[in-house]
Every structure is written in structure tokens, then in C-alpha cells.
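Below: the structure, in C-alpha cells.
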Amino acid sequence: MKQKERKTVKIACMVAGILIFTMALASYSRAGECQDWQSLHPEWIFCDDFEGSTTLTGQGRYFEYDSAGGAFTLVSGAGLDGSKGMRAVWQQGVVDAGSLKLGFGRNPSNGMNKGIRSTENFKEVYYRMYLKMQDGWQGNPGKLSRATVISAGDWSQAMIAHLWNDNADHLLIDPVRCVDSSGKVSCVGYNDFSGMVWLGSRSGITPVFDSTHDNQWYCVEAHVRLNDSGQSNGVQEFWIDGNLEARRDALNFVGTYTAYAINAIFFENYWNAGSPKRQERYIDNIVVSTERIGCMDADTTVPLPPANVRVQY
1 MKQKERKTVK IACMVAGILI FTMALASYSR AGECQDWQSL HPEWIFCDDF EGSTTLTGQG
61 RYFEYDSAGG AFTLVSGAGL DGSKGMRAVW QQGVVDAGSL KLGFGRNPSN GMNKGIRSTE
121 NFKEVYYRMY LKMQDGWQGN PGKLSRATVI SAGDWSQAMI AHLWNDNADH LLIDPVRCVD
181 SSGKVSCVGY NDFSGMVWLG SRSGITPVFD STHDNQWYCV EAHVRLNDSG QSNGVQEFWI
241 DGNLEARRDA LNFVGTYTAY AINAIFFENY WNAGSPKRQE RYIDNIVVST ERIGCMDADT
301 TVPLPPANVR VQY
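Quick note: the sequence shown, position 135, residue 135 per full-length UniProt numbering, numbers continuous.
Structural data, given as C-alpha cells:
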């Protein structure tokens with residue numbers, strides 16, 4: 001082989017290597033989103049890409065993890081770009097496939113306090129997750145998440161911002177007030193339907209649970225803002241892949257109640273009617289923040305090779 005040809009082959013190999021490295025770096029930046037997040041994103045309250053630790057509960061982590069007998073587990077290859085992620089498996093007819101419960105901010109329940117900015121009040125939070133249904137997915141799996149104000153050690157709630165299904169393949173926001181006209185919490189204990197005032201649901205646009213939307217990751221971000229005391233200026237909304245899906249504003253979430261603010265988010269796999277067959281869905285890269293989070297795709301596009309490069313030899 002001539003010297004000029006050898007140099008050409010060498011340069012081609014170098015370019016190919018750079019491209020492979022760039023693609024790997026882009027993949028890593030999604031899978032390893034939470035590396036150094038406290039210094040890079042001081043507005044974030046919590047970040048979990050499921051890469052750094054196999055321990056799901058404890059200080060700085062979730063206060064409760066229910067695997068539902070092994071149905072909801074941390075699995076290598078189940079996350080973004082083949083990384084670690086949470087896999088929920090429903091057997092046919094099964095309702096509950098597990099959950100993760102996160103506490104943060106000031107909280108009256110010692111069991112929920114895992115040291116996550118536990119002296120602060122958060123009247124407004126954003127949270128984001130990546131969600132994927134398996135190839136061949138069938139049905140709408142009911143519950144996905146809820147942000148709430150825990151107001152007492154018995155898990156009484158002052159409000160709930162549900163993000164769940166609308167029975168038509170979409171996600172839906174469903175805000176609830178749990179405070180009476182005098183400012184007293186009316187939902188005694190957890191999920192006390194007798195004290196709830198439903199403020200009006202609104203469905204999203206994207207049918208993420210239909211058969212044409214399976215086997216692909218969706219960036220789901222929710223925003224909840226409590227009303228100021230005695231006013232109706234609360235907000236609940238959510239986006240999919242950066243596009244607004246549904247919004248409710250002018251909400252009276254908590255009346256004049258001010259003792260605690262948003263201090264818990266639950267991530268759930270609860271299918272009220274039971275799954276029609278054995279199937280899986282996946283959750284990865286959970287972030288909770290005081291500001292809009294956004295999706296990672298726009299920041300991880302592999303750049304094109306540089307143009308007009310001249311190699312001297």
C-alpha cells in the first residue's frame with residue numbers, strides 16, 4: 001500500500017472513532033444525567049437516573065419502595081439508551097405493579113423525611129420522568145403519578161394533583177382540594193375520598209397508550225403550583241416531549257391553608273381494572289425541580305462531521 005493510501009485509511013479510522021465516541025458520549029449524557037446534578041442544577045430538588053446506586057430507599061432517596069412482589073424492579077438495560085431503569089411487569093388481571101414514593105421539603109411525617117431539602121416549603125414544583133410501554137402494549141394503565149401536600153403524620157392530605165389516565169389512551173390531569181372553607185384539612189388519612197373536592201380534569205392530546213405509540217420513550221413533565229392563600233391562582237399542567245398537553249389554571253387547591261406545601265410525589269403502577277395481559281412498561285430519569293426541566297433530546301443530538309476540513313500530509 002502506498003504511503004498516501006495508508007494515511008488516508010488512518011484518517012478515515014480516526015474520523016470513525018471520533019464519531020463512535022461522540023455517539024457514546026451523547027448516550028452517556030442521557031443515561032448519566034444525574035452526575036454532579038447538585039452543582040450543575042441548583043434549582044433541582046431531586047434527580048435519579050438509576051445509575052449510581054442500587055439502593056432505592058434511604059437518605060436522599062425514596063422513603064418507600066414497593067416492588068409488588070418483584071413486579072417493579074431496577075433492571076439493567078431497561079432504561080434510556082440501554083441503561084438501568086425501572087421495569088413494571090403486570091401479569092394478566094393484576095392491578096398493582098409497584099410504586100416509588102418520594103418525600104421532600106418540610107414534612108410532618110418523620111418516615112417521609114429523607115433529608116431532601118427538608119427545611120424548605122415548595123409551593124411550586126416541576127417533575128419529569130421518561131416513560132416507555134413495551135412493544136405490543138395494550139390498554140390504559142390507570143395511575144402514573146401524583147404530587148401532594150402531606151399535612152399530618154397519618155398521611156392526611158391538603159391537596160392532590162393527579163396525573164393518570166382518561167380511559168382513552170391519554171394521560172389526564174385531575175386536581176383535588178382537601179381543605180374546607182375555614183382552612184381546615186378535610187381529607188383525614190391517605191386518599192380520603194370523602195373529603196375531596198374535585199376541581200375538574202383535563203385530558204392530554206397524545207395517545208401514549210395506543211398501539212402506535214408503544215416501544216418508544218416519552219419525556220413526561222408535570223407542573224403544579226399551589227394557590228396563594230384565599231385566592232384561585234393555582235396551576236396544574238403537563239407536557240409530553242416538550243409540547244403542552246393539558247393545563248388547568250385559576251385553581252383553588254388549598255384555600256387559606258399554609259401549614260405545609262408540596263412535599264411528596266408518588267410514582268405508581270396501579271391499573272384499576274387489571275392488565276388485559278402480561279406486559280411491561282419502563283420509567284427512567286426522574287427529576288424534581290423548582291423550575292422547568294425540559295427534555296434531554298435537544299441537548300444530545302450527535303453533531304454532523306465538520307465540513308471543509310483539509311488534512312495536510
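Just so you know, even glycine gets a beta-carbon here, dropped at the ideal spot from N, CA and C.
Item checked: Reduced DSSP secondary structure (H/G/I, E/B, other) of Trp90 -> Sequence index remark: in the sequence shown, residue 90 carries index 90 (1-based). DSSP places Trp90 in strand when its eight states are reduced to three.
- [ ] Consult DSSP for Ser266 and reduce its assignment to one of helix, strand or coil.
- [x] Within the sequence shown, the letter at position 266 stands for residue 266. In the sequence as presented, Ser is not what sits at residue 266; that position holds Phe. Of the three classes helix, strand and coil, the one that applies to Phe266 here is strand, per DSSP.
Q) Whole beta strand (DSSP E) runs in the segment 199 to 273 with 3 or more residues, listed along the chain? A) 218 to 225, 234 to 240, 243 to 251 and 264 to 270
Exercise for the section: Please go through the segment 30 to 104 and give each complete alpha helix (DSSP H) segment of 4 or more residues, from N-terminal end onward. Expected result: 37 to 40
Q) Tell me which same chain residues have a C-beta within less than 6 Å of the C-beta of Met296, skipping the five on either side of it? A) Translated into positions along the sequence shown, residue 296 becomes position 296. Contacts found: Arg30.
What would DSSP say about Met112, mapped onto helix, strand or coil? Locating residue 112 in the sequence shown gives position 112, where the first residue counts as 1. Met112: helix per DSSP, three-state reduction.
### Query
Among Leu199, Val235 and Lys143, which has the Cα closest to the Cα of Ser275?
Position 275 of the sequence shown, counted from the first residue, corresponds to residue 275. If we check each option's Cα against that of Ser275, Lys143 comes out closest.
Leaving out the 5 sequence neighbours to the left and right, which residues in its chain are closer than 7 Å to Arg117 when beta-carbon positions are compared? The residue labelled residue 117 in the question sits at position 117 within the sequence shown. For Arg117, where only same-chain residues beyond five positions count, the Cβ hits under 7 Å are Ile45, Phe104 and Gly105.
- Task: Could you please give the first and the last residue of the uninterrupted beta strand (DSSP E) stretch that includes Arg128?
- Result: For the purposes of this step, residue 128 is taken as residue 128 along the sequence shown, with counting starting at 1. It spans Glu124 to Met133 - the beta strand (DSSP E) in which Arg128 sits, taken as one unbroken run.
C-alpha gap between Glu291 and Glu43, whole angstroms: Residue 291 sits at position 291 when you count from the first residue of the sequence shown. Residue 43 sits at position 43 when you count from the first residue of the sequence shown. About 6 Å.
Do Ser203 and Ala250 have their beta-carbon atoms positioned less than 9 Å apart in this structure?
In the sequence shown, counting from the first residue as 1, residue 250 sits at position 250. In the sequence shown, counting from the first residue as 1, residue 203 sits at position 203. Cβ distance not < 9 Å, so Ala250 and Ser203 don't count as in contact.
Exercise for the section: Would you kindly work out how many angstroms separate the C-alpha atoms of Asp192 and Arg177, rounded to a whole number? Expected result: The residue you call residue 192 lines up with position 192 of the sequence shown. The residue you call residue 177 lines up with position 177 of the sequence shown. Straight-line Cα distance between these residues: approximately 11 Å.
- Task: Determine the burial state of Tyr190: buried for a count of at least 16 other Cβ atoms within 10 Å of its Cβ, exposed for fewer.
- Result: Taking the first residue of the sequence shown as position 1, residue 190 is located at position 190. It counts as exposed.
Inter-residue Cα distance where the pair is Met112 and Asp214: Stepping through the sequence shown from its first residue, residue 112 is reached at position 112. Stepping through the sequence shown from its first residue, residue 214 is reached at position 214. Approximately 34 Å, taken between the alpha carbons.
Query - Minimum C-alpha distance to Asp135 - residue among Lys277, Ser232 and Thr148 - result: By one-based count along the sequence shown, residue 135 stands at place 135. Asp135 has its Cα closest to that of Lys277, out of Lys277, Ser232 and Thr148.
Quiz item: Rounded to a whole number of angstroms, what is the C-alpha to C-alpha distance between Tyr257 and Ala158?
Solution: On the sequence shown, position 257 is the one that residue 257 refers to. On the sequence shown, position 158 is the one that residue 158 refers to. Spanning the two alpha carbons is a distance of roughly 8 Å.
- request: Assign residue 323 to one of three DSSP states: helix, strand, or coil.
  value: Nothing can be reported for residue 323: it is not among the residues displayed for the chain, which extend from 1 to 313.
- Euclidean distance between Cα positions of Trp137 and Ser181: Looking up residue 137 in the sequence shown gives position 137. Looking up residue 181 in the sequence shown gives position 181. Their Cα atoms are separated by approximately 44 Å.
Return the first residue and the last residue of the beta strand (DSSP E) that Trp164 is part of. As a first step, residue 164 is located in the sequence shown; it is residue number 164 there, counting from the start. Residues Gln157 to Asn165.
Is DSSP giving Gly294 helix, strand or coil here?
Position 294 of the sequence shown, counted from the first residue, corresponds to residue 294. In this structure, Gly294 counts as coil in the three-state DSSP scheme.
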